[in-house]
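**Q** Mapping to our numbering: the sequence shown position 316 is 776, numbers consecutive. Every residue, glycine too, gets a C-beta built ideally from N, C-alpha and C. Please read through the structure below; I'll follow up with questions.
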Amino acid sequence: MTTRRTILAAGLAVAAAFAVAPAGALAQSKMVLKAADVHPLGYPTVEAVERMGKKLEKATNGRITIQMFPAMQLGGEKEMIEQAQVGALQIARVSVGPVGTVVDDLNVFNLPFVFRNTEHMRHVIDGPIGDELLKKISDNPKTGLVGLAWMDSGARNFYNKVRDVKSIEDLKGLKIRMMGNPMFVETMNALGGNGVPMQMDQVMNALQTGVVDGAENNPPSYDSFGHVPVAKHYSLTEHLIIPEILVFSRKSFDALSKEDQELVMKFGKETQLEQRVLWDERTKQAMDKIKAAGVNVIEIKDKKPFQDAVKPVWDKYGSKYTELVKRIQDTK
Ligand code: BDP
461 MTTRRTILAA GLAVAAAFAV APAGALAQSK MVLKAADVHP LGYPTVEAVE
511 RMGKKLEKAT NGRITIQMFP AMQLGGEKEM IEQAQVGALQ IARVSVGPVG
561 TVVDDLNVFN LPFVFRNTEH MRHVIDGPIG DELLKKISDN PKTGLVGLAW
611 MDSGARNFYN KVRDVKSIED LKGLKIRMMG NPMFVETMNA LGGNGVPMQM
661 DQVMNALQTG VVDGAENNPP SYDSFGHVPV AKHYSLTEHL IIPEILVFSR
711 KSFDALSKED QELVMKFGKE TQLEQRVLWD ERTKQAMDKI KAAGVNVIEI
761 KDKKPFQDAV KPVWDKYGSK YTELVKRIQD TK
């Protein structure tokens, strides 16, 4: 079994390899940028980063390439962030969920129902707020990260193996896996269920053994993590609309030449709109697969009871972001 320690040790070996050449020499020599994602090859986020790698390779005549470690090969997102911070990994594609525990500014996107819908989220990440938050990551030396781009992750919906969740009452007592950030556990608890924080690498097992009754995710993830056959009640609550983020290791970034930094920033940013096209296709396909698998897909027409119930989460965390939330709400 891979432990966090072995993952980090492997990562540190990679860091050593990346750091061998001094900064000046790095500009000339071949460089392999390690990238990681919890999703498998072909998933929109993975594909977008691989395309970024092809562009880098072309622009540098093969000098810079990206080596992708998909499907949790380098551990969960917490480990990926840690590896990027120490320079063991150069590119991490992670959810804003776990990044919020490192960069508090980002937690504004982790507030339940902060976006009206996914279209609204897109307008926010594509506009000045998106740019400012990426800059906050890059400008704060404590993060150890450079923000490259946002990606789409649709809206998250509850699924479980016990019953149809049609109203908030139906969530009562259900143990639901949430991403590792206290805000999510509290969101679930405020909705009447029991939030269980857990990294994705443990969720399948937890579902099968009954440690949890369900989880929540967008259609592509629900499908691609293989949870559909195990938990066949899917309620379109859209309680969290959390973008993904592409970050680069600050330590590795500072070792690049200015020209290479510019290429990384440019091609990194281009992934934002490219991934979106792939995302829309994948969401359609996933929804078709979910329905064909006999899942009870439940539309939630009135989300108000859900929105009212998460007020304690807003009372506790929202006040820090009053101004930013207003700007988000004012974004058309
Ligand atoms: C998916 C995100 C991924 C998260 C995962 C999760 O793409 O980054 O790790 O959810 O729930 O939608 O852990």
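Which residues in the same chain as arginine 742 place their Cβ atom closer than 7 Å to its Cβ, once the five residues preceding and following it in sequence are excluded?
**A** Pro504 and Pro680
**Q** Indicate the three-state DSSP secondary structure (helix, strand or coil) for isoleucine 788 in the structure shown.
**A** Note: isoleucine 788 maps to helix in three-state DSSP.
**Q** Using a Cβ-Cβ distance cut-off of 9 Å, determine whether threonine 669 contacts chain C.
**A** Considering every chain present, this structure includes no chain C. It has just one protein chain.
**Q** On the DSSP bridge list, what partners appear for glycine 674?
**A** Asn620 and Ile636
**Q** Where does arginine 523 sit, in a helix, a strand or coil, going by DSSP?
**A** For arginine 523, the three-state secondary structure derived from DSSP is coil.
**Q** Can you tell me where the beta strand (DSSP E) with glycine 607 in it begins and where it stops?
**A** 605-611
**Q** Give me the Cα-Cα distance between lysine 726 and valine 770, rounded to the nearest whole angstrom.
**A** 38 Å
**Q** In the structure shown, what three-state DSSP assignment does phenylalanine 708 receive?
**A** strand
**Q** Does the Cβ of proline 572 have 16 or more other Cβ atoms within 10 Å, making it buried, or fewer, making it exposed?
**A** buried
**Q** Considering only DSSP beta bridges, list what proline 679 is partnered with.
**A** DSSP, once it has assigned bridges, lists no residue as partnering proline 679.
**Q** Is the CB-CB distance between alanine 544 and leucine 501 below 9 Å?
**A** In this structure, alanine 544 lies away from leucine 501, with their beta-carbon atoms at least 9 Å apart.
**Q** Using alpha carbons as the reference points, say which of Ala531, Leu716 and Lys621 lies closest to aspartate 661.
**A** Relative to the Cα of aspartate 661, the nearest Cα in the group Ala531, Leu716 and Lys621 belongs to Ala531.
**Q** Less than 8 Å between the CB of proline 642 and some heavy atom of the ligand BDP, yes or no?
**A** No - the ligand BDP has no heavy atom lying nearer than 8 Å to the Cβ of proline 642.
**Q** On a CA-only basis, which of Glu730, Asp762 and Glu537 is nearest arginine 511? Give me that one, please.
**A** Glu730
**Q** Only counting the same chain, and skipping five residues up and downstream in sequence, which positions put a Cβ closer than 6 Å to that of arginine 576?
**A** none
**Q** Helix, strand or coil, according to DSSP, for lysine 780 in the structure here?
**A** In the three-state reduction of the DSSP assignment, lysine 780 falls in the helix class, which pools H, G and I.
**Q** With a threshold of 8 Å (Cβ to nearest heavy atom), would threonine 578 be considered close to the ligand BDP?
**A** no
**Q** In its own chain, which residues sit with a C-beta less than 6 Å from the C-beta of asparagine 677, not counting the 5 before and 5 after it?
**A** Arg616
**Q** Check whether the segment 636-646 and the segment 556-567 are in contact - that is, three or more C-beta pairs closer than 8 Å.
**A** yes
**Q** How long is the line joining the alpha carbons of valine 562 and histidine 693, rounded to whole angstroms?
**A** 33 Å
**Q** Is the separation between the beta-carbon of leucine 723 and that of leucine 566 shorter than 9 Å?
**A** Remark: C-beta atoms of leucine 723 and leucine 566 do not approach each other more closely than 9 Å.
**Q** Any chance the CB of serine 627 is under 8 Å from a heavy atom of the ligand BDP?
**A** The answer is no for serine 627.
**Q** So, with DSSP's three-state summary, where would you put asparagine 665?
**A** helix
**Q** Using the Cβ count rule (16 or more neighbours within 10 Å means buried), how would you classify proline 765?
**A** Exposed, since its Cβ has fewer than 16 Cβ neighbours within 10 Å.
**Q** Identify, in the order they occur along the chain, each residue of the same chain with its Cβ nearer than 8 Å to the Cβ of serine 684, setting aside the five sequence neighbours on each side.
**A** His499, Pro500, Tyr503 and Ala746
**Q** Alanine 496: beta carbon under 8 Å from a heavy atom of the ligand GDP?
**A** For the structure depicted, the ligand GDP is absent and the ligand set comprises only the ligand BDP.
**Q** Out of curiosity, what's the CA-to-CA distance linking asparagine 665 and leucine 700?
**A** 24 Å
**Q** With leucine 706 and arginine 582 assumed to form a contact (beta carbons below 8 Å), what rounded beta-carbon distance in angstroms separates them?
**A** Not confirmed; about 16 Å, so no contact.
**Q** In this structure, what does DSSP give as the bridge partners for phenylalanine 529?
**A** Ala496
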